[in-house]
Amino acid sequence: MSRIGVFVCWCGSNIASTVDVEKVREEAAKIPGVVSAVDYKYMCSDPGQNSLRNVIKEKNLTGVVLAACSPHMHENTFRKAAVKEGLNPYFVEIANIREQVSWVHEDKERATAKAVDLMKMMVEKVKRDKPIEDVRVPLNKKALVIGGGISGIQAALDIANGGVEVILVEKEPSIGGRMIQLDETFPTLDCSSCIMTPKMVEVNQHPNIKLYTYSEIEDVSGYIGNFKVKIKKKARSVVEKDCTGCGECWNACPMHKNVKSEFNINLSERTAIYVPFPQAVPLVPVLDRSVCLHFKKGGKCQKCFDACGPKCIDFSMQDEIIEETVGAIVAATGYDLMETSMYGEYGYGKYKDVVSGLQFERLLSASGPTEGVIKRPSDGKTPQTIVFVQCVGSRDPEKGVPYCSKVCCMYTAKHAKLFAHKVHGSQSYVFYIDIRATSKGYEEFVRGTMEQDGAVYLRGRVSKIYEDNGKLIVKGADTLSGNQVEIAADMVVLATGVIPKKGSDKLAQMLGISYDKYGFLTESHPKLRPAESSTAGIFLAGMAQGPRDIPESVVSGSAAASKILGLFSKSEYEVEGTISSVNEATCVACFYCQRVCAYNAISRKEIKDRNGNVVKVVANVNPGLCTGCGACVNACFSKSIDVKGFMDDQIYAEIKSLAV
Amino acid sequence: MEDMKVEKNEQKDGTAAANTGSQSDPRLIAFVCNWCTYNGADLAGTSRMKYSDNVRVIKLPCTGRIDPLFIVEAFKKGAKGVLVSGCHPGDCHYTSGNYHSRRKYATFRDLLGYLGVDLNRVEFSWISASEGNKWVAVINEFTDKIKSLPDKTTDIFTKK
Amino acid sequence: MANTKTDEKLQKIAKDLLESGEVNLIIGYTKGSNPQRMRPVFITKPEEAEKLSFSHNAVQDLAVFLKKQEVKKFGKIGITVKGCDEKAVNALIQEYQLSRDNIKIIGMQCNGVIKQNLADKGETKVSETTVYDKCLICQEHTPVLYDFLVETEEPELSLSGNVKPYAEIEKLDALSTEEKNAYWAKEFDKCIKCYACRQACPLCFCSRCIVEKNMPQWIDTNSEEPGNAQWNLIRAYHLSGRCIGCGECERACPVNIPLMLINEKMARDVYNLFGYKSGLDINAKPVFGVFSESDFNDFIK
Amino acid sequence: MEEKYFEISSDNLKKFVDRIITDNYEVIAPTDKDGDTFYGKISKFEEANLDILLPKMSYKEYLLPKTETLFEYSISGVDTEVKDGLQGITGANEKRVIFGGRPCDAGAGPIMEKVFNWDYKDEFFNERFKNLTIISIACEKPDNYCFCTEMQLSPESSYGSDILLKKSGDKYFAIVTGEKGLNLVKAYSDLFAETTKDKVPADKDWKKIFEIEKTKSFLDKNFEHNYFQERFLSCIGCGVCTYTCPTCHCFDIQDEGNLKEGRRIRNWDSCQFGIFTLHTSGHNPRVTQGDRYRQRLMHKFKIYSEKFDKYLCVGCGRCSRNCPEDIDIKEVAKNLAEMA
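Right, dumping it as structure tokens:
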């Protein structure tokens, strides 16, 4: 038999002025199973909590109902108090008679009646509460970071510096990501590679970091503390440990004119065996088999092999699957730029001198194809007039995406500034919709571009770009003056919008984390849990979550790292015990529960007889993954799965208690 | 305020103090998710908004947990109106609970209507944690709607 | 009784399957308790294959047996199915109740089966007025999936268009809430809670039905109006988007509740809402196992 | 009371039925509904369908309702008020007449009465049975599913009927078996004419096709026989046989209620359900449908007769006609008899 205690809080006059708390207490005392009913001015105060604890002890209570403020206010307070008297924390239920009664109703009699109803409802619920033990999951104290851009690098370094082993997986032959492609960074104009390269080297040399470049995630299973990860290490055709990075191989490669450099975004060529850029980490080339003559022409060419001193070219190398077990994962998959082909009127791809923002970065970069001298891709001449077009694809729900790509205002201002610095007497024009320069030093930076560097900012969109007599004619609107403008430019730079890295949706599915309709990974809570994904143990960093600049990416990498270090600071991970459990006797393994589970928490379980024959297959809940949302219960026709804390018979009793 | 007037009128009519569950003083049961609508209702409270006191809220973790069986049970126990409310599409705390449930509700609602249940008595809404005002509006409008319905108990859940 | 060509072909397939050991059991039809009835038969020996037969009186959906534990024990099973029944096999595969590897589908081309109550009264002619409504809307006279196909010798069912299948659905849709209620109250009042509708349904495969769960007892056990309505409502809800329309529930109902008016209505609604029809594709995901962000939302405030 | 004999013309029979209805009798008769015939309340003679052999369902529900309230309670504050369900039915249907049923259905009442009065006297059953007046009509043309003759009755048996009508040309002979029937005849004596037994046409010589005793003797010895598992593989456990059966009387006691009121009820139940005899442990001694159908056969043809000297079957054939999978109990009983 239940021994329930009901505690009615006055909350000073907050409840007591509208709800007759004594009446609620009297009604509570009449309910079978209620052995104690008291009211008190402030239940959450120390004396209030002490009285709660005393009654639990004296009356040997099996359950507690507080008719008080919202459970979101003090549920935890009262649970903690109950635990101190040896009561299971989940044996505490709250009837919300403040936020949902006394503060929203005025007729005292009716408000009191409602408060009594809510109190009765929770008494019926608490009577059916079962003890819930939080689940403890052992932790493999090793982390996986997916993506070797600045946010991934930051996360990996922070975790590694905290003394935890890290596996860093990068799809490209080198880490560095997008940041290493950039020239100078706003608003301080420090050189990107100067600040990035040391970090990349540090990653490579860190005793706690295992680096897999030119590798991809093949499969992820398991749950927080115990993820099983399969990493596909693609055949590089170069034995990493022997390679010295001397460069003899790529110098010997006959394929040096035909292959466009991905790193330089088609603005230069590379060989078949190559390092993407001179500061690559690791400085080990990759043999691109899709263009290599050895592979295309039946093994005849082996010039690189011959040139290699340590003989580390291995044409027979195979893709390798590496299995790792990790306790936590950071997804820092980064971004791509939108294809701007839908803006046919801008002539991207048609006119060589219409380039994307990232291409312009390469043209500015001292390590770029022009060694930092701004030259037109078409004829190599230095442009005197450049038109920058912002919001190409961004903030354009019709053709592109509705969101703002956030970094374009700033990098365009930087481009215009650097152009002015590098080509004296030049002129730049910037078409913009709004200028968004909201971080420290940003507004001043843009002002500087306009005022000191003479960039002309035109508020409006560009309608058409066409070539005429060696010039690019840019037609657009200046909405501030109301005039149509036409500018004859030598080059046009399109500030194309940012989109999630291709394939990040697939990775998200593999990880069992959610992503929005654009493909950006979504946070567990956009404000309060911005570093966590929807799945426990998987964290997010960088542009994979949405447009952001370098400092923000670094912060998010550090945030993910600190979350993981925090997680790993305990020996076990505690999961709230309010999770689902299966009635194996009645489960018929239709797996609708599995279909609706957003957390991959349901798996198949085979029940075997003593001879090892499978006698039955049932659904099984993985406690490390289950969040207790209860969607599985709704999906189960026979109600053979139930979620602790909100059990079917509790809900039934609650509804029943409201019978009129 | 509008809703105050409603309450005062009732007292003048001499309606019993407690919510009787009759057609003129209907019992409404609301099944709400913990993360959005429950918080929205709390916000209405912290903002001291006033609304009809005919509603009784039952908190669930997610709309994904709110089973059509609950709706049936609520009607069986004499509720004159049942509200199901949770996070807006895309905002589900558990990513997709509301999407899965939406399919079920759409179908279940059709079935109820076909079997002769007055669909005015079943309401669904998306109310976020910041929409205290929407909570108040939904509850008040629903209460008024239920009160305006003819006093009939002819539905398949009622014993004749 | 002389074998028809159909029967011979069917018997040959079954015999071969049993002889080769590809299956351990053939579920089929044989002659029943009167000349107008067929009944299920379970063949385990090749020499018994000659018992198999098929006709326009083969009303049963034999897929219902695939959910029985006693039948499952046979492992590899061959089953004789009409187009409608075959959809049940597909749905069972979709819902993991059956492995495609364990089933050999002997598809029977079918141009309609005669309503059993008419056949019992002596009706022998297949026509649009004597067959079930499901036959009139049937799109799967040839099953959508089969390992063997036995062609029919019966002439194609000719439809004049004068007989409107499930015509009551439109009529009911047009009624007011009160009138609908009155209609169903009367129908459900007849229910005796024998649960034959459930047992006859190939897709009601729960080992413990929700109505048998008593902690809590969501569905009242009484066989009075509220209890009956709850049962019928939840039965229909659990089959919405899953029912393949074989009509066995209605045929089994001893008190003639027009259950197919509910099942068919829900099948139509689910198709209109989500574009899904049950049992057509073993690789399709069941309609309530998935969602779309753009699902119907108009009913939600 | 010794049997008494009367004559009534077809016209007068119609008048009789219409008059008792006028005099507030509740007349339950086979009546057409939903394309079939069921027992139901009629408001005039014409609504009765006396041409069909048997209604689809038996009239068991007038003896054992599909749901019966045993008691109800209501709680206000700390007070609880309990109301006995029997109060609701006492004397409530003294004027209820089952008209136009067949001898098999009529035979079911006294057979069931035995189990409801064996150790515990079931007042609910007795109250209903006591008040029921049964006027049956002898069968002229039983169908292939009928086997009342094998079940110790016959198409012309008066066992269980208060009045049995036997058609003869355009009149009926009424065999009155007891006070209940006699009172009714006397109340409308202008319509009946007393006659003697020798005037009543003798019963035809109804042939049996198997001996039920042999069936029983097979069941006595062959509990584990393979027949049950093999033959009833085709049983889907729908329970239609038990629900349409006039003698099956299993019931299930359930409680319903909330914090304010509630009741204890009994509902029809069936030995064909998967949860029949399911133990709390999860074990069920009758795990297959073969086990369960065997239970039905055992109960009908062995156990009941050993205990009550009557078979729990009147041979109406409803279970066979209504079985969705065409299991014919007459054929089964005959098979068993042949194997004995």
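In order, the protein sequence lines correspond to chains A, B, C and D. Quick note: the first sequence uses my numbering, first residue 844, plus one each step. Quick note: the second sequence uses my numbering, first residue -3, plus one each step. Quick note: the third sequence uses my numbering, first residue 501, plus one each step. Quick note: the fourth sequence uses my numbering, first residue 330, plus one each step. Built from N, CA and C at the ideal position, the CB exists for glycine as well. Just so we're clear, the structure is a prediction, and the values are computed from it rather than from any experiment.
task: Answer yes or no: does any C-beta atom of chain C fall closer than 8 angstroms to that of Ile142(B)?
output: no
message: With a threshold of 8 angstroms on Cβ separation, who are the neighbours of Arg1264(A) within its own chain once the five nearest residues in sequence on each side are excluded?
response: The sequence given here places His at residue 1264(A); Arg does not occur at that position. Excluding sequence neighbours, His1264(A) sits near Asp1296.
task: Count the other C-beta atoms from every protein chain shown that fall within 10 angstroms of the C-beta of Leu1032(A), then say buried if there are 16 or more, exposed otherwise.
output: exposed
message: Can you confirm whether Gln943(A), when its beta carbon is compared against all beta carbons of chain B, has any partner nearer than 8 angstroms?
response: yes
- prompt: In this structure, what does DSSP give as the bridge partners for His1368(A)?
  reply: Arg1372(A)
task: Just tell me which of Thr139(B), Arg117(B), Lys55(B) and Ala70(B) has its CA closest to the CA of Gly82(B).
output: Lys55(B)
- prompt: So with Cβ pairs under 8 angstroms, would you call Val564(C) a contact of chain D?
  reply: yes
field: Entirely enclosed beta strand (DSSP E) segments - the region 1256 to 1339 of chain A, minimum 3 residues
entry: 1270 to 1275, 1299 to 1302, 1305 to 1311, 1314 to 1321, 1326 to 1332 and 1334 to 1339
message: I'd like to check one pair, Gly1471(A) with Thr1421(A): are the Cβ atoms closer than 8 angstroms?
response: yes
task: Using a Cβ-Cβ cut-off of 8 angstroms, state whether Trp131(B) counts as contacting chain C.
output: no
field: Ala956(A) in three-state terms, based on DSSP
entry: helix
- prompt: Is the beta carbon of Gln609(C) less than 8 angstroms from the beta carbon of Val650(C)?
  reply: yes
- prompt: Are at least three pairs of beta-carbons, each pair with one atom in the region 1139 to 1148 of chain A and one in the region 1041 to 1053 of chain A, less than 8 angstroms apart?
  reply: no
field: Endpoints, beta strand (DSSP E) assigned at Gln1352(A)
entry: It is not in any beta strand (DSSP E) - Gln1352(A) instead sits in the alpha helix (DSSP H) that spans Ser1347 to Leu1354.
- request: Tell me where the beta strand (DSSP E) around Lys1451(A) begins and ends.
  value: Ile1445 to Lys1451
query: Whose CA, out of Ser740(C), Asp781(C) and Leu659(C), lies closest to the CA of Ser627(C)?
result: Leu659(C)
query: Any idea if Glu3(B) is buried or exposed, counting beta-carbon neighbours within 10 angstroms, 16 or more meaning buried?
result: Unreliable positioning characterises Glu3(B) in this predicted model, as indicated by a pLDDT of 36, which lies under 50. The coordinate reading is nonetheless provided below. That one is buried.
- prompt: Would you call Ala1209(A) buried or exposed, if buried means 16 or more other Cβ atoms sit within 10 Å of its Cβ?
  reply: exposed
- prompt: When the Cα of His556(C) is compared with those of Cys635(C), Glu522(C) and Pro665(C), which residue comes out closest?
  reply: Cys635(C)
message: Considering only the alpha carbon of each residue, which of Gln1024(A), Ser1159(A), Phe1120(A) and Ser1064(A) lies closest to Val1081(A)?
response: Ser1159(A)
field: Where the alpha helix (DSSP H) through Asn1106(A) begins and ends
entry: Strictly speaking, residue 1106(A) in this sequence is Phe, with Asn absent from that position. No alpha helix (DSSP H) contains Phe1106(A), which DSSP labels as neither H nor E.
- request: Output yes if chain A places a C-beta closer than 8 angstroms to the C-beta of Phe648(C); else output no.
  value: no
task: Could you give the DSSP three-state label for Lys343(D): helix, strand or coil?
output: helix
query: Quick one, which residues of the region 551 to 577 of chain D are near chain C if we go by CB-CB under 7 angstroms, in chain order?
result: Leu562, Ser563, Ile565, Gly566, Cys567, Gly568, Val569, Tyr572 and Thr573
message: Tell me the DSSP secondary structure of Tyr1191(A) in three-state form.
response: strand
- request: Please report the Cβ distance between Val908(A) and Arg922(A), rounded to the nearest whole angstrom; I am assuming they are in contact, meaning their Cβ atoms lie under 8 angstroms.
  value: Their Cβ separation, rounded to whole angstroms, is 13 angstroms, which puts Val908(A) and Arg922(A) out of contact at 8 angstroms.
task: Taking 8 angstroms as the cut-off, decide whether the C-beta atoms of Lys1307(A) and Glu1188(A) are in contact.
output: yes
message: Within 8 angstroms of any Cβ in chain C, is that where the Cβ of Gly112(B) sits?
response: yes
- prompt: Can a CB atom of chain C be found closer than 8 angstroms to the CB of Glu69(B)?
  reply: yes
- prompt: Trp597(D) CB to nearest chain C CB: under 8 angstroms?
  reply: yes
- request: Would you tell me roughly how many angstroms separate the C-alpha atoms of Phe1029(A) and Pro786(C), rounded to the nearest one?
  value: 52 angstroms
message: Using CA atoms only, rank isn't needed, just tell me which of Gly369(D), Cys475(D), Asn664(D) and Glu660(D) is closest to Asp689(C).
response: Gly369(D)
field: Under 8 angstroms (Cβ pairs) to chain D, residues found in the region 663 to 689 of chain C
entry: none
query: Name the residues in the region 1461 to 1475 of chain A whose C-beta lies less than 9 angstroms from a C-beta of chain B; which are they?
result: Thr1470, Gly1471, Cys1472, Gly1473, Ala1474 and Cys1475
- prompt: Pairing CB atoms from the region 1172 to 1180 of chain A with CB atoms from the region 1370 to 1384 of chain A, are three or more of them under 8 angstroms?
  reply: yes
query: What did DSSP end up calling Gln19(B) once you bin it into helix, strand or coil?
result: coil
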